[in-house]
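Protein chains in written order, with the numbering used here: chain A, 758 to 1045; chain B, 238 to 569.
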Amino acid sequence: MTTTPDKFLEISKVGIDFPTANGPYTALKDVNFFIREGEFASIIGHSGCGKSTVLNIIAGLYQATSGGVILDGREVKDPGPDRAVVFQSHALMPWLSVFDNVGLAVEQVFRDSKTKAERREWIEHNLRLVKMEHAMRKMPHEISGGMKQRVGIARCLAMQPKVMLMDEPFGALDALTRANLQDSVMEIQKELNTTIILITHDVDEAVLMSDKIVMMSNGPAAKVGELLEVDLPRPRERVALSKDDQFNHYRQQVLSFLYEKKGVVDFDSAKRKAKESSEPSIAAEKVS
Amino acid sequence: MSATSEPTQIGKLEQGLHQLTRALFSIDLRNMLLPLLGIIAFLALWSAAASRIDTSLGQFPGPSKVYQQAGTLWEEHQQERDKATAFYERQEQRNAKKLAKNPEANIKIRKYTGKETYFDQIATSLKTVMFGFLIASLIAIPLGLACGLSDSIYKAVNPLIQVFKPVSPLAWLPLITMVVSAVYVSDDPMFEKSFLNSAFTVTLCCLWPTLINTAVGVANVDKDLLNVSRVIKLPTFKHIQKIVLPASVPMVFTGLRLSLATGWMVLIAAEMLSQNPGLGKFVWDEFQNGSSNSLARIMVAVVTIGVIGFVLDRLILVLQKSLSWDKNAVLR
C-alpha cells in the first residue's frame, strides 16, 4: 500500500459505541476525512458532538468499534509518540519541573537513538521553541496557565510526532493569552511543517489557524457534516484578517453550519437529542 | 539636608517597628496565645471538676497532683537506673576477682531483672507500635498499589477488606497469641513473644486504612496523566515509578496517618488486655494496685499516650512534607 501525499492521515468509516446500562450508545458513525502531510486541520462542532472522541481514536487512546485510522500507510492500533497529544488540561506532572516534564517524554522516546547530552540539548531546544527556556527549573504550579500549555506543546513537539493532536488546548485560557499562543503555534507549524489536528469550538480560531476545517454534526451517531478548505495566505495576521472579505466568508460558512444547518434551528429536536444523549454521555466518560 | 532626612528616617523606623510588633503580636495571638488559653481553660475546668469527684481510691487527681506524680515516676526511673548500674558494677567486680584467682574460671554475666519503670514501658510501646506499623505498611502499600492498578485484583481482594476491616484487632489477639506461641519457636529468640503478639495486633489494624487509601489514590490518578504515559509508551515499571506513585503519595500518607493513629490506640488496649509490657500494662497494673496515687499515675499515662500519639502524627507529616511534591497542600 502506498501513501498518496493527499492521504497522510486517513480516518476511514470510523464509528464507536460506548456500552451503557441501556445498551450501546453510538457516539460516532461513519466518520470520514483525510489530512495531507504538513496540513493544519481543525475539527469543530458543538460540545458533546464527539470531536474529542475522534481525536482520542486517532491518538489510539480509544479503539474504534468500526472503521480505522491509517497514518503514513500504517494502521493505528495503540497510542504512541508519533501521534503526540496536547491536552486541554495541559497534563503536566505536578511533581516534575518544566524541564523534567519534557524530559520524561524525551528520555523515553529517544532513549536508544540519542545520547544523554543530545537528549538534554533536545529538551532545551524544544523549550526554546515555545519560549519557555527561562522557566526550565520552575515547577508547574509556579507558572501561568498559558505557560503550562506552552510546556505541554513543547513536550508534544519534543516527541517529533508525525501528527500533533491538540485537544482544545486554548480552551481554558483568557483571550489575550489564547491569541498569543495561537500565533506561537502557527509560527512553529510554519517552521517545522508539522501536521496538526486541532479540536476547537471557536470559529475564529478554526478559520485563522487551519488549512482545512472538519465540521461535525451533532451526536449521537455524529459524523462529518462539511469540509471546508481555507485558502488564505500565510503568515496570517489576525487584525488584518478581521477586515478581509475572504476570511469573513469562511467564517460565515462555519457559523452557518454550526447555527443554521445543525442544532439551533430545530430547537425541539436539539433538546430531545440532548436529553437522550445526556445519560449515555456520562456513562461513556466513565468507560473511557 | 540631613535635618530634613533624619525625621523621615526616624519616622520610617518607627513605622517599621510598629509593623514589626504588630506582626509579632498577631503571630503570638494566632500561634501561641489561643492554644495557651485553651490549655489554661481546660486545666481550670479539670481542676474544678476533680475536686468534686470522690472515688474509692480518694479524690480524683487534679493537674497539680498529676504533675507531682509525673515527677515521682521520673525519680523512680532514675533510682531503678542507679540500681541497675550498681548491679552491673558489682557483677563486674565479682567476675574480675574470680578471673584474678583463676583465669580459667567460668564467669557468669546476668542481666539486671529489676522491675520495668514507666519510661521503659513507654519505650516498649513505641518500639511495638513502630514495628507493627512498619510491617503493616510493607504489606498494605504494595497490595493497595496492586488493587488500584488492576480492577481484577481489586475485585478479588475487596470482599476480604470489607469483612476484616470492621473487626476489632482485639478479637484477633487470642488467635495471634496462640499462633505466635506455636509457630515462633526458637532457642535464641530475637523478639519476645509478647512483643510479637502486640506488634501483630497493631499490624492487623494498621493494614486497612493504608490499603484502602493507597488503592483509592492509585485508582484516581488524573486520567490525562495516565494518557500521557500511554502516549510516550512508558513500560509498566516506569509507569508506576514515575506517574502512579508520585501521584498517589498524598493519599498513601493519609492512609498511613490514619493507620498509625488507630494502631497506637489499639496497642494500649491490647497491652491492657494481654498484660504484655507497655503503657497499657502500666495503666492496668496501677488500676489493680489501687493505691491513693494510682489515679494520678494513670492520668500521667493518659496524657503521655495523647502526646505520643500527637508526636507520631507530626512525624508522619514531616515525612510526607519531605516526600510529597504537593508542598502547598494544607496539612492538618
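Don't be surprised by glycine CBs; every beta carbon is placed ideally from N, CA and C.
Chain B within 7 Å of A:M758, Cβ atoms only: Bear in mind that a pLDDT of 49 at A:M758, under 50, signals an unreliable position, so the model cannot answer this.
DSSP state of A:V1021 mapped onto helix, strand, coil: Its pLDDT being 38, under 50, A:V1021 is placed unreliably by the model, and nothing is read from it.
Counted within 10 angstroms of its Cβ, other Cβ atoms place B:H255 as buried (16 or more) or exposed: exposed
Whole-Å CB distance - A:A841 paired with A:M921, under 8 Å assumed: 6 Å
Under 8 Å (Cβ pairs) to chain B, residues found in the stretch 913-941 of chain A: M916
For A:H898, the nearest candidate out of A:V866, A:A848, A:E944 and A:M973 (CA to CA): A:A848
Where the beta strand (DSSP E) through A:Y782 begins and ends: Y782 to I792
8 Å Cβ cut-off: residues of chain A touching B:Q480: Per the sequence shown, residue 480 of chain B should be read as Ile rather than Gln. Within 8 Å Cβ-Cβ: M850.
With 16 other Cβ atoms within 10 Å as the buried cut-off, status of A:H1006: A residue is called buried once 16 or more other Cβ atoms fall within 10 Å of its Cβ, and A:H1006, having fewer, is exposed.
Limits of the alpha helix (DSSP H) - the one that A:F797 falls within: From DSSP, A:F797 is part of no alpha helix (DSSP H) but of the beta strand (DSSP E) over F797 to I801.
Short CB-CB distance (under 7 Å) between B:I469 and chain A: Yes, its Cβ sits closer than 7 Å to a Cβ of chain A.
A:R831 (DSSP reduced to helix, strand or coil): A:R831 falls in the strand class under three-state DSSP.
Neighbour-count burial assignment, A:R868, 16 or more Cβ in a 10 Å radius: exposed
Pick from B:F490, B:V303 and B:A538 that is closest to B:L280, judged by C-alpha positions: When the alpha-carbon of B:L280 is set against those of B:F490, B:V303 and B:A538, the nearest one is in B:V303.
Interface flag, A:P836 vs chain B, CB-CB below 7 Å: It does: the Cβ of A:P836 has a partner Cβ on chain B nearer than 7 Å.
B:I277 to B:L270 span [Cα, whole Å]: 10 Å
Assigned secondary structure, A:Q845 (DSSP; H/G/I helix, E/B strand, else coil): If DSSP states are grouped into helix, strand and coil, A:Q845 belongs with coil.
Simplified DSSP assignment, three categories, for B:L556: helix
Extent of the continuous alpha helix (DSSP H) to which B:S277 belongs: In the sequence as presented, Ser is not what sits at residue 277 of chain B; that position holds Ile. Start and end: L271 to A287.
Residue-level contact to chain B via CB, A:Q946, 7 Å cutoff: no
Beta carbon proximity, A:F844 to chain B, threshold 7 Å: yes
Beta-carbon gap between A:G1054 and A:G976 smaller than 7 Å: Not covered by the structure: residue 1054 of chain A. The range shown for chain A is 758 to 1045.
Own chain, CB closer than 7 Å to B:P300, minus 5 neighbours either side, in chain order: L280, W283 and S284
Element boundaries [alpha helix (DSSP H), containing B:L482]: L482 to S511
Proximity test, Cβ basis, 7 Å: A:S989 and chain B: The sequence shown places Leu at residue 989 of chain A, not Ser. No, A:L989 does not count as interfacial toward chain B.
Inter-residue spacing [alpha-carbon to alpha-carbon] between A:D1023 and A:Q1003: In this prediction, A:D1023 has a pLDDT of 44, which is less than 50 and means its spatial position is unreliable; what the coordinates show is noted afterwards. Using only the alpha carbons, I get a separation of about 29 Å.
Cutoff 6 Å; reference A:D774; Cβ partners in own chain excluding five residues on either side: Closer than 6 Å at the Cβ level, and outside the excluded window around A:D774, lie P781, T783 and T822.
Proximity test, Cβ basis, 7 Å: B:N464 and chain A: yes
Residue-chain proximity (A:L818, chain B), Cβ-Cβ < 7 Å: yes
Opening and closing residue of the beta strand (DSSP E) in which A:S769 lies: L766 to F775
The stretch 359-377 of chain B / the stretch 500-515 of chain B touching (three or more Cβ pairs under 8 Å): yes
Through-space distance from A:T951 to B:W562, alpha-carbon basis: As the crow flies, the alpha-carbon of B:W562 is around 34 Å from that of A:T951.
Residues near A:V1011 by beta carbon distance below 8 Å, same chain, minus five either side: I801, V960, A963, V964, I970, M972 and L985
Distance CB(A:G824)-CB(A:K888) smaller than 7 Å: Note that the C-beta distance between A:G824 and A:K888 is not below 7 Å.
Under the three-state DSSP convention, the category B:G295 falls into: The answer is strand: DSSP assigns B:G295 an E or B state.
Proximity to A:G795 [Cα-Cα], best of A:S941, A:R993 and A:P918: A:P918
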